[in-house]
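In my numbering, the protein residues as written are 422 to 670. First up is the structure itself, then whatever we jot down about it.
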């Protein structure tokens, strides 16, 4: 009996070691994003009102892509994980009590602050490099093991979690950029402001799934595959935004 208990303790300890190491790796990856040339370039491009408008419209299209990808992930995930995703998407797609609206509508509402109208979002087109990034995220969500797909979508929220990312996530940094360079208080950039808090909650709730489902080195590698591929696409996407914004007078 004692031997069996020791074996069980060893297995539990092994599981926890794998997950703890995985968590540390994921945390390092999201922090490293902000040291990449692509992220540094985007955050260094001076904001003008027209560039700010472009960024807000593209943020709405990005939000739509996230809904696509989480839907694909939910379709392939185990039932328990479907429930977690459903709860997460209730904020994003139906109504976030922090804002009393869904996140796409929130971004459109935010556009009013920089002079955008709903029709500006309706007629918006995806620039070629952004389109390629969105297709790449779709590919991960559709064509991979659910753990890989789940990790990919999760990483974009983890990268926005100011409790994990030193100096704040992307929403916070872009919000402060609007504040410092255009004189628009972060609280008025309502979508960015809500996401500063929302993605802390979302990434922490979604991260708990790793503790339940990552049991072996093979499971860990599936998660890392999704995380690594997503972060590469994320850098390409941020680089694309910087490229296009720089060309707007």
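All C-beta atoms, glycine included, are put in the ideal place defined by N, C-alpha and C. None of the values given here were measured: they were computed from a predicted structure.
Check, Outcome
"Can the beta-carbon of residue 455 be found closer than 7 Å to that of residue 666?", "no"
"Using DSSP with H/G/I as helix, E/B as strand and the rest coil, what is residue 652?", "helix"
"Can residue 654 and residue 554 be called in contact, C-beta distance under 7 Å?", "yes"
"Which residues in the same chain as residue 444 place their Cβ atom closer than 8 Å to its Cβ, once the five residues preceding and following it in sequence are excluded?", "628, 631"
"If the criterion is Cβ atoms closer than 7 Å, does the pair residue 590 and residue 601 meet it?", "no"
"Could you give the C-beta distance for residue 685 and residue 568, rounded to a whole number, given that I count them as a contact under 8 Å?", "As displayed, the chain neither begins before 422 nor continues past 670, which places residue 685 out of reach and without an answer."
"DSSP beta-bridge partners for residue 576?", "None; residue 576 has no bridge partner."
"With DSSP as the reference, identify every bridge partner of residue 522, one or two as the case may be.", "517"
"Which residues bound the alpha helix (DSSP H) around residue 484?", "470-497"
"Give the DSSP-derived three-state secondary structure of residue 549 in the structure shown.", "helix"
"Confirm, please, whether the CB-CB distance from residue 607 to residue 596 is below 7 Å.", "yes"
"Is residue 500 helix, strand or coil by DSSP?", "helix"
"Cβ atoms of residue 463 and residue 662: under 7 Å apart, would you say?", "yes"
"Whole angstroms is fine: what's the gap from residue 620's alpha carbon to residue 508's?", "Low confidence applies to residue 620: its pLDDT is 49, below 50, so where it sits in the model is not reliable, and the reading given next is rough at best. The straight-line gap from Cα to Cα measures roughly 13 Å."
"For residue 385, is the classification buried or exposed, using 16 other Cβ atoms within 10 angstroms of its Cβ as the cut-off for buried?", "Residue 385 lies beyond the residue range present for the chain, which begins at 422 and ends at 670; the question has no answer from this structure."
"Excluding the 5 residues preceding and the 5 following residue 460 in the sequence, name in chain order all residues of the same chain whose CB lies nearer than 6 Å to its CB.", "454, 659"
"Measuring only the C-alpha atoms, how far is residue 643 from residue 512?", "27 Å"
"Spatial neighbours of residue 514 within its chain, please: CB distance less than 7 Å, with the 5 preceding and 5 following residues excluded, ordered by chain position.", "488, 523"
"When you compare only the Cα positions, how much space is there between residue 593 and residue 452?", "14 Å"
"When you compare only the Cα positions, how much space is there between residue 520 and residue 585?", "23 Å"
"I'd like to check one pair, residue 494 with residue 571: are the Cβ atoms closer than 7 Å?", "yes"
"Is residue 632 near the ligand FAD, in the sense that its beta carbon is under 6 Å from a heavy atom of that ligand?", "This structure does not include the ligand FAD; it has no bound ligands of any sort."
"Hey, residue 528 and residue 457: beta-carbon distance below 7 Å or not?", "no"
"Assuming the contact rule is C-beta atoms closer than 8 Å, residue 531 and residue 610 should be a hit. Round their C-beta distance to whole Å, please.", "6 Å"
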